[in-house]
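Chains as they are written, first to last, in numbering that gives the first Met the number 0: chain A, 0 to 131; chain B, 0 to 348; chain C, 0 to 386.
Data block below; observations after.
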Amino acid sequence: MSPLNPARVAREFPTRYRLEAARCDGCGAVSFPPRVVCPACRGRKFATVSLEPEGKVLTWTVIHVGPSSHKHEVPYALAVVELAGGVRITCQIADVDPARVEAGMPVRLEFRRIQEDGEAGVIAYGHKAVPA
Amino acid sequence: MSVGIVGYGAYIPRRRIRLGEIAAVWGADAATYERGLELHEKSVPAADEDTITMSVTASRRALARARIDPSSIGAVYVGSESHPYAVKPSGTVVAEALGTGPAVHCADLEFACKAGSEGMFLAAALVKSGEVQHALAVGADTSQGAPGDALEYSAAAGAAAFIFGSTNLVATMEAQVSYMTDTPDFWRREYMRYPRHAGRFTGEPAYFKHTLGATRMLLEKTGLQPKDFAFAVFHQPNGKFPMRAGKLAGFRREQLEAGWLSPWLGNTYSGASPIGLTAILDQARAGDRILMVSYGSGAGSDGFVWAVTDRIDEVRAAAPATRDQLDNGKLYVSYGTYAKMRGKIRMGE
Amino acid sequence: MRDVAIVGIGLSRWGEVWDASLRTLWTEAALAALDDAGLDRVDSITVGSMTPGLFVGQEHLGPLLADELGMAGVPATRVESACASGGVALKTGFAEVAAGLADIVLVTGVEKMTDVSGDECTAALAAAADAELEVFYGATFPGLYAMMARAHMARWGTTREQLAMVAVKNHRHGALNPHAQYRQEITVKDVIESAMVAEPLTILDCSPITDGAAAVVLAELGVARTIAKGRPIVRIAGVGQATDRIALQSRADLTTLPATTLAAQRAFKMAGKTPNDIHLAEVHDCFTIAEILVVEALGFCKPGQGGCQASSGRTALGGEIPVNPSGGLKSKGHPVGATGVAQAVEITTQLRGVAGKRQVAGARVGLTQNMGGTGASTVVHILEVAS
Numbered sequence: 000m001s002p003l004n005p006a007r008v009a010r011e012f013p014t015r016y017r018l019e020a021a022r023c024d025g026c027g028a029v030s031f032p033p034r035v036v037c038p039a040c041r042g043r044k045f046a047t048v049s050l051e052p053e054g055k056v057l058t059w060t061v062i063h064v065g066p067s068s069h070k071h072e073v074p075y076a077l078a079v080v081e082l083a084g085g086v087r088i089t090c091q092i093a094d095v096d097p098a099r100v101e102a103g104m105p106v107r108l109e110f111r112r113i114q115e116d117g118e119a120g121v122i123a124y125g126h127k128a129v130p131a
Numbered sequence: 000m001s002v003g004i005v006g007y008g009a010y011i012p013r014r015r016i017r018l019g020e021i022a023a024v025w026g027a028d029a030a031t032y033e034r035g036l037e038l039h040e041k042s043v044p045a046a047d048e049d050t051i052t053m054s055v056t057a058s059r060r061a062l063a064r065a066r067i068d069p070s071s072i073g074a075v076y077v078g079s080e081s082h083p084y085a086v087k088p089s090g091t092v093v094a095e096a097l098g099t100g101p102a103v104h105c106a107d108l109e110f111a112c113k114a115g116s117e118g119m120f121l122a123a124a125l126v127k128s129g130e131v132q133h134a135l136a137v138g139a140d141t142s143q144g145a146p147g148d149a150l151e152y153s154a155a156a157g158a159a160a161f162i163f164g165s166t167n168l169v170a171t172m173e174a175q176v177s178y179m180t181d182t183p184d185f186w187r188r189e190y191m192r193y194p195r196h197a198g199r200f201t202g203e204p205a206y207f208k209h210t211l212g213a214t215r216m217l218l219e220k221t222g223l224q225p226k227d228f229a230f231a232v233f234h235q236p237n238g239k240f241p242m243r244a245g246k247l248a249g250f251r252r253e254q255l256e257a258g259w260l261s262p263w264l265g266n267t268y269s270g271a272s273p274i275g276l277t278a279i280l281d282q283a284r285a286g287d288r289i290l291m292v293s294y295g296s297g298a299g300s301d302g303f304v305w306a307v308t309d310r311i312d313e314v315r316a317a318a319p320a321t322r323d324q325l326d327n328g329k330l331y332v333s334y335g336t337y338a339k340m341r342g343k344i345r346m347g348e
Numbered sequence: 000m001r002d003v004a005i006v007g008i009g010l011s012r013w014g015e016v017w018d019a020s021l022r023t024l025w026t027e028a029a030l031a032a033l034d035d036a037g038l039d040r041v042d043s044i045t046v047g048s049m050t051p052g053l054f055v056g057q058e059h060l061g062p063l064l065a066d067e068l069g070m071a072g073v074p075a076t077r078v079e080s081a082c083a084s085g086g087v088a089l090k091t092g093f094a095e096v097a098a099g100l101a102d103i104v105l106v107t108g109v110e111k112m113t114d115v116s117g118d119e120c121t122a123a124l125a126a127a128a129d130a131e132l133e134v135f136y137g138a139t140f141p142g143l144y145a146m147m148a149r150a151h152m153a154r155w156g157t158t159r160e161q162l163a164m165v166a167v168k169n170h171r172h173g174a175l176n177p178h179a180q181y182r183q184e185i186t187v188k189d190v191i192e193s194a195m196v197a198e199p200l201t202i203l204d205c206s207p208i209t210d211g212a213a214a215v216v217l218a219e220l221g222v223a224r225t226i227a228k229g230r231p232i233v234r235i236a237g238v239g240q241a242t243d244r245i246a247l248q249s250r251a252d253l254t255t256l257p258a259t260t261l262a263a264q265r266a267f268k269m270a271g272k273t274p275n276d277i278h279l280a281e282v283h284d285c286f287t288i289a290e291i292l293v294v295e296a297l298g299f300c301k302p303g304q305g306g307c308q309a310s311s312g313r314t315a316l317g318g319e320i321p322v323n324p325s326g327g328l329k330s331k332g333h334p335v336g337a338t339g340v341a342q343a344v345e346i347t348t349q350l351r352g353v354a355g356k357r358q359v360a361g362a363r364v365g366l367t368q369n370m371g372g373t374g375a376s377t378v379v380h381i382l383e384v385a386s
């Protein structure tokens, strides 16, 4: 069981690389990542949309004791970010003194390395937020 | 058919290390480096940045300025000497992140510091041939010098991306040339962590011979003279070389300053003259001519003549300016943090 | 539906139990509960355990543990709902007795957490969050609860000291519990100045890593009356369970625990009671902020008032509604799969009136609330002394 099994990583590329989401044909709710059933209305038909890469910090923490996958990054800011359009994501806030992060802070998503499977394994990319 | 740049973008990491911080660790005299090489600080990629992440961000910025449908991009070239994978392309990640779709000719290029301009050369030629509508070329590096080596004072990180096409150009390509010889001035053998270089042999017989050779070819090919250019940019292994090459080629300091970033950026290797070009485009006006000459050890130079169009004013603000990235929002790191982020510390199993 | 009573309770040793394996801990608790009930046979066994596969590389706990008890042949089922595994095992056992599938069920919970490194333990616990949306990006459980704490502080003005007071109160309770893992009293200053884990939560805002098991024996009420041995009979009067969106980011409100509210409403309705009828509660204080959110969600106070419940003494022993008289997860320990069952052990002890120095005077109705993840699963039980 590795979160960085190549097949497992690859199937997330549309969402992690391009921020692809699904807008429900029935109620318009946007699911990110895309789902089979809309959690808002249980609709099953969707259109592919891309998330706006700008948003603001809703709530945040600074992780001082990290999991082994991120332990050399501590202390790092982790936040729930609300993107323009209302979709919320969990991500790190990079390129900032963690002490300066606060609720309401405007941020923009940037493409970053999220994890790697050691020095020889796959590198998993995705997005982190940076101060806008 | 005119071919040229439709959109351009640069990415410079926010972290910096001052030369004095490095010199203090190795007992070197910082002032000697600052004066001798005209270097003051350099960019440092964070642990979560690499050639791929910087290429993606620079390419997205180029796309924002180009205002084209990514599916019209038929070729993606990423030039770097620090591809995160030794085997497995960087370009596929960049293309997927941009959403080009699969009908793309994609390749990673390597030729020391001219891998970026190589991609530009190929992309332009491919558009000119009519084979593809748009082509993306990226030069990006997170280069490493061995701890304590002279290269450690300059090896920096950054990326520049250019989308080539034949319509809606911001800069028309008036000429492209390439000049190369087999010259072992700098290399890194397979499986080696850090490169080696041939000291002063990297100067006259290597850097200057090739940059000046390519410049001469461009001037001959176009019939232009240095005074016909608003700007010129040369590969920037340090602060001193590009100014000297420019002056030897007959350019004045005012023509060279806009693209001269290395004193505060360091050597971004494959990104060097391409990032310099983005800084020039940020301030160029319609009708300006730009001469660009890269250099890659081993050795060779690619040269281009660009003529800026009036579309430049429409697209400039669509992405962050290069000088702003260089001058603002800097986060300074200690040597210890730098060594940790750059993987220079031997870790436990 | 048949009435169900708790007729036996038992705990294993709790703490860093270096000399005991998962199966040994479990067997200690199971035997203690069977002995307490005075029974040597059961119709069925349920086992709550979050992730023995990640902690000790062992799945298939049902037959493993039935075998360990010399009861191969008895139906035995492992139940999983992250840190609510024990509570859901209790609900499962309740359902079997209530439905008439069994007259006597041994309900157990177990987790052996110290056979892995700290990093591996963190990773195992993180498996209860959303692996792709949260954990992939570096989220930890303290981090997720810390973000809820920040949201609660921003919305309601809850203070750092109020968070710390939950830990202070529960350690004060735990100091009275011979079974608690950490029995020392602590101060607000101790909590705030202890090592930072995920701002604003420090190590003393977090429940510890614990090896342990808990067990209760359930019996149909009529059967229970025949083996009561003169003790008060503790009846399960209400059961409620609910789920919520698993990732914090998917929830409309980061300061509430809707699954706990729903589960409580269901349990109160079944028991025919209201929050005012509850004399004491054992709730899931995996982090100090969790208890604050839970007492609001259970209806013990108004939304936004959770922060002052511990600091005012209202939820302390001797207060209006003592919460976590055992010391809670914070002081008693938190062997994740065992916790929900251990809460029922504590409430039963209290309702029997044998809780010693931590006895809640006149306790006749108690509540347990056990949750998984950041509250994505919750199960609530209401226990009362049967008339």
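Even glycine gets a Cβ: it sits at the ideal position worked out from N, Cα and C.
Quantities reported herein were computed from a predicted structural model and do not represent experimental measurements.
CB of residue i within 9 Å of CB of residue j, strictly
| i | j | result |
| --- | --- | --- |
| ALA134/B | VAL126/B | yes |
| GLY54/A | CYS23/A | no |
| GLN304/C | GLN342/C | no |
| ASP114/C | SER67/A | no |
| VAL190/C | ALA166/C | yes |
| PHE31/A | LEU50/A | yes |
| GLU295/C | LEU256/C | yes |
| LEU38/B | SER177/B | no |
| ALA108/C | HIS380/C | Note that residue 108/C corresponds to Gly in the displayed sequence, not to Ala. Taking 9 Å as the Cβ cut-off, GLY108/C and HIS380/C do not qualify as a contacting pair. |
| MET321/B | THR277/B | Met is not the amino acid found at residue 321/B; the sequence shown has Thr there. Yes. |
| SER58/B | VAL93/B | yes |
| GLY9/C | LEU33/C | yes |
| ALA298/B | ASP184/B | yes |
| THR377/C | ALA213/C | no |
| HIS209/B | MET179/B | yes |
| GLY157/B | ILE274/B | yes |
Closer than 9 Å to chain C by CB, residue i
| i | result |
| --- | --- |
| TYR124/A | no |
| VAL36/A | no |
CB contact check: residue i to chain B, cutoff 9 Å
| i | result |
| --- | --- |
| ARG7/A | no |
| ASP96/A | yes |
| GLU72/A | yes |
Residue i at chain A interface by Cβ criterion, 9 Å
| i | result |
| --- | --- |
| LEU264/B | no |
| ARG14/B | yes |
| ARG159/C | no |
| THR182/B | no |
| ILE51/B | yes |
| ALA125/C | yes |
| VAL92/B | yes |
Where residue i meets chain A, residues with beta-carbon distance less than 7 Å
| i | result |
| --- | --- |
| GLU131/C | GLU11 |
| PRO83/B | ILE122 |
| GLY98/B | ARG17 |
Partner residues on chain F for residue i, Cβ-Cβ distance less than 7 Å
| i | result |
| --- | --- |
| ARG87/A | In the structure shown, chain F does not exist; the protein chains are A, B and C. |
Chain-ordered neighbours of residue i on chain B, where CB pairs are closer than 9 Å
| i | result |
| --- | --- |
| LYS127/A | ASP47 |
Assigned exposure category for residue i - 16 Cβ within 10 Å defines buried
| i | result |
| --- | --- |
| GLN324/B | buried |
| TRP25/C | buried |
| CYS285/C | buried |
Per-residue contacts from residue i into chain B (C-beta, under 7 Å)
| i | result |
| --- | --- |
| GLU109/A | THR56 |
Contact list for residue i against chain B, beta-carbon separation under 8 Å
| i | result |
| --- | --- |
| ALA93/A | ALA45 and ASP47 |
Residues that residue i contacts on chain C, provided the C-beta gap is smaller than 9 Å
| i | result |
| --- | --- |
| ALA102/A | ARG149, ALA150 and ALA153 |
Contact set between residue i and chain A, taken where Cβ atoms lie within less than 9 Å
| i | result |
| --- | --- |
| LEU330/B | ASP94, VAL95 and ASP96 |
Any non-hydrogen atom of the ligand PLP within 8 Å of residue i CB
| i | result |
| --- | --- |
| ASP39/C | As presented, the structure is devoid of all ligands, the ligand PLP included, so that no description of it is given. |
- Ordered list of beta strand (DSSP E) runs contained in the segment 193-280 of chain B, each at least 3 residues: 230-233
- Message: Just to confirm the assignment: which complete alpha helix (DSSP H) runs, minimum length 4, are found wholly within the segment 273-319 of chain C?
- Response: Scanning the segment 273-319 of chain C from its first residue to its last, the whole alpha helix (DSSP H) runs of 4-plus residues come out as 287-296 and 306-310.
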